[in-house]
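Note that our numbering has the sequence shown beginning at 108, numbered continuously upward.
The beta carbon of each residue, even a glycine, is placed where N, CA and C say it ideally should be.
Given the structure is predicted, the values throughout are model-derived calculations rather than measurements.
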Amino acid sequence: MRDLIPNTQYITMLWVTESVQSEAIYIFRKYTDQLLSITDCTSAILMNDYNIDSIFTFDGDFEVFGFETIPQ
């Protein structure tokens with residue numbers, strides 16, 4: 108998988124470590140009043156870790172985490 112999309116100045120592959128996975132599961136269980144997926148929670152953890160504050164998505168769940176969604 109790592110060879111399919113090489114790191115470039117435009118693309119950086121982010122890998123889910125055990126620590127990220129554990130944190131995502133914690134967030135997933137914390138927000139039981141929201142319809143979040145474990146994938147959304149994992150993405151949010153990685154976005155925080157890499158100081159990413161906006162995301163191109165049609166999924167409004169990321170606003171729960173305080174991210175800017177594009178388009179809004």
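Range of the contiguous beta strand (DSSP E) that encloses residue i
i, result
"E175", "175-177"
Beta-bridge partners of residue i, as assigned by DSSP
i, result
"F163", "I177"
Residue i to residue j span [Cα, whole Å]
i, j, result
"V171", "M120", "24 Å"
"P178", "Y138", "24 Å"
"L143", "G173", "14 Å"
"I112", "I118", "8 Å"
First and last residue of the uninterrupted alpha helix (DSSP H) at residue i
i, result
"M154", "145-156"
"F135", "125-137"
Option in the options with minimal Cα separation from residue i
i, options, result
"T92", "N158, D156, A151", "The structure shown does not extend to residue 92, since the chain is modelled only from 108 through 179, so no value can be given for it."
"D156", "I118, D168, E130, E175", "E130"
"G167", "W122, N158, D147", "D147"
Buried/exposed call for residue i, threshold 16 Cβ in 10 Å
i, result
"T149", "buried"
Cutoff 8 Å: residue i Cβ touching any chain C Cβ
i, result
"Q128", "Absent here is chain C; the protein component of the structure consists of one chain."
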